[in-house]
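Quick mapping for you: the protein sequence lines, in order, are chains A and B. The first sequence begins at 1040 in the numbering used here and counts up one residue at a time. The second sequence begins at 348 in the numbering used here and counts up one residue at a time. Single-structure report; data block below.
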Amino acid sequence: MVLKVFRWSPGSRERLQKYWVKALQGMTVLDALVELQRNSDATLAFRYACRVGMCGSCAMVVNGRERWACRTLLSNLDRGPVTVRPLYQFPLIRDLVVDMAPIKNKMLEMKAVFVPGRRAMDGDGFALIGSRTRERRAIDAAIECIGCGMCVSACTMVSHDPRFPGPAALNRVFTLQRDSRDGAHADRSQAVLAEDVLTRCHGQANCTAVCPMEISPTDSILALRRRAVLRLFGIGPR
Amino acid sequence: MSARRAEPVRDRKMLTRRMGSAEAWRDTKVGMWAWLLQRVAAIGLVAVIAAHLKNPFARPVQAALLALVLFHGLLGVRAILLDFGLPARWHRLLFLLALLVGVAAFAAIWRWRWY
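Quick look at the structure:
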């Protein structure tokens, strides 16, 4: 099987380098890259950690779609050349390795950081929210985000408007806005009302389509938008 | 208090989806088609309405106008339903429904011939 892998390092020109790998049964894209690095080209740079579809650090664009390399079987891809590129919308470091800092920066920009409020503590220590409560169920899926960046890469609005915070940051904002222990709802509400934030999402759901954790940042953003509209009419929480 | 702004990343090398390449379109998702087609229909409507005002009785223009209005409007209804809280996982189904209802409505209205 032929792999066309994106190669670039600072100071050099970008190119797609062709490699040939023997596709063994059950081989993933990550296995193929490791094989290439060990036996063909030790200079090939890519990132991975857990190798079993948990950490999200091997997120990349395979055949035009954002995927975790460790979860992508070569046998499930077309027989033609498989193209492997780094995630879109992230600054490149080298080859398939990107700088994930924009996710954190956008979260800080949107104040998507937990701030203990009055309800953060109860008599016994840190207040707990029961797993079966309505409050918890509302954010149950959304809190599973591990920040792999695939949603940001797939979002066309992120590429259109660099000031748009993107699905990961807004999903995090949603979880915090629905957390009764948090004390910064008002500040965050102000941050998301900026013109390049909630209104910029066009609901294409590309983020939802690629999320390996089956989170729907689209739903999170639409929920934030509904709250913002209700607040305009003076109803609903922050 | 103003929102904290991150370091600009635009001056650093970054890949973006090149819409001129076949690979970028290969994995265009349903939601994006719905968004794109609705906007294309909007542009089409502007042209067709102008043609319709010029000659309100031209049958092809009437057909185009009806088709575009249905298409654009029903995709708009889809967006409204999602905005109102229908789960985003239904967006593909709603796209399909908008297309089917559009085709059925077109056929029904066109056969009706109200004048």
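Glycine is no exception: its CB is placed at the ideal position from the N, C-alpha and C atoms.
| Asked | Found |
| --- | --- |
| is_contact[B:A350, chain A] using C-beta, thresh 8 Å | Below a pLDDT of 50, predicted positions are generally treated as unreliable, and B:A350, at 49, falls in that range; no measurement from the model is reported. |
| Neighbourhood of A:S1192 by C-beta distance below 6 Å, restricted to the same chain and skipping five residues each side | E1105, L1126, Y1127 and Q1128 |
| A:P1256 - DSSP class collapsed to helix/strand/coil | helix |
| Assigned exposure category for A:Q1064 - 16 Cβ within 10 Å defines buried | exposed |
| Selection from A:V1041, A:N1245, A:G1103 and A:V1152 that minimises the alpha carbon distance to B:A369 | A:G1103 |
| Endpoints, the alpha helix (DSSP H) within which A:A1098 is located | Where A:A1098 is concerned, there is no enclosing alpha helix (DSSP H), although the beta strand (DSSP E) it sits in stretches over A1098 to V1101. |
| A:K1043 - DSSP class collapsed to helix/strand/coil | strand |
| Proximity to A:A1267 [Cα-Cα], best of A:W1047, A:T1111 and A:A1233 | A:A1233 |
| Nonlocal neighbours in the same chain, by C-beta distance under 8 Å from B:A353, ignoring five residues either side | Caution is warranted here: a pLDDT of 49 is assigned to B:A353, below 50, making its placement in the model unreliable, and the coordinate value is therefore given only provisionally. Once the five neighbours on either side are set aside, B:A353 has no close Cβ partner at all. |
| Under the three-state DSSP convention, the category A:I1142 falls into | helix |
| Selection of the region 408 to 426 of chain B by Cβ proximity to chain A, strictly under 9 Å | A426 |
| CA nearest to the CA of A:F1153, picked from A:R1239, A:R1086, A:R1052 and A:S1219 | A:S1219 |
| Chain B contacts from the region 1130 to 1146 of chain A (Cβ-Cβ distance under 7 Å) | P1130, L1131, P1141, N1144 and K1145 |
| Check whether A:A1084 and A:L1135 have beta carbons under 8 Å apart | yes |
| CB contact check: A:R1124 to chain B, cutoff 8 Å | yes |
| Where A:H1224 meets chain B, residues with beta-carbon distance less than 8 Å | Residues of chain B passing the Cβ test: none, with the nearest at roughly 14 Å. |
| Identity of the residues DSSP links to A:W1059 by a beta bridge | A:V1041 |
| Residues bridged to A:E1105 (per DSSP) | A:V1100 |
| Inter-residue spacing [alpha-carbon to alpha-carbon] between A:M1139 and B:W382 | 28 Å |
| Segments assigned alpha helix (DSSP H), at least 4 residues, entirely inside the region 1163 to 1223 of chain A | 1173 to 1178, 1189 to 1193, 1195 to 1199 and 1206 to 1216 |
| The region 389 to 406 of chain B in contact with the region 1258 to 1277 of chain A per 3-pair CB rule at 8 Å | no |
| Nearest candidate by alpha-carbon position, reference A:D1070, set A:R1054, A:E1053, A:A1088 and A:L1055 | A:A1088 |
| Top-ranked residue by Cα proximity to A:S1228, from A:A1166, A:E1148 and A:S1114 | A:E1148 |
| Chain-ordered chain A contacts of B:L434 [CB-CB under 8 Å] | According to the sequence provided, residue 434 of chain B is Pro. The question's Leu does not apply to it. Going along chain A in sequence order, the residues near B:P434 (Cβ under 8 Å) are S1255 and D1258. |
| For A:S1198 and A:T1172, the rounded distance between their alpha carbons | 37 Å |
| Within 8 Å, strictly: CB atoms of B:V377 and B:F442 | yes |
| Neighbourhood of A:P1130 by C-beta, 8 Å cutoff - its chain only, sequence neighbours within 5 removed | V1137, D1138, A1140 and P1141 |
| Assigned secondary structure, B:T363 (DSSP; H/G/I helix, E/B strand, else coil) | coil |
| Rounded straight-line distance, which links the Cα of A:L1075 to that of A:D1235 | 42 Å |
| Under the three-state DSSP convention, the category A:V1068 falls into | helix |
| Contact under 8 Å by Cβ, A:A1223 with A:K1150 | yes |
| Classification of A:A1262 by the beta-carbon crowding that lies within 10 angstroms, buried from 16 upward | buried |
| Inter-residue Cα distance where the pair is A:R1157 and A:D1221 | 8 Å |
| Straight-line gap, A:L1167 to A:Q1216 (C-alpha atoms, nearest Å) | 16 Å |
| Counted within 10 angstroms of its Cβ, other Cβ atoms place A:T1214 as buried (16 or more) or exposed | buried |
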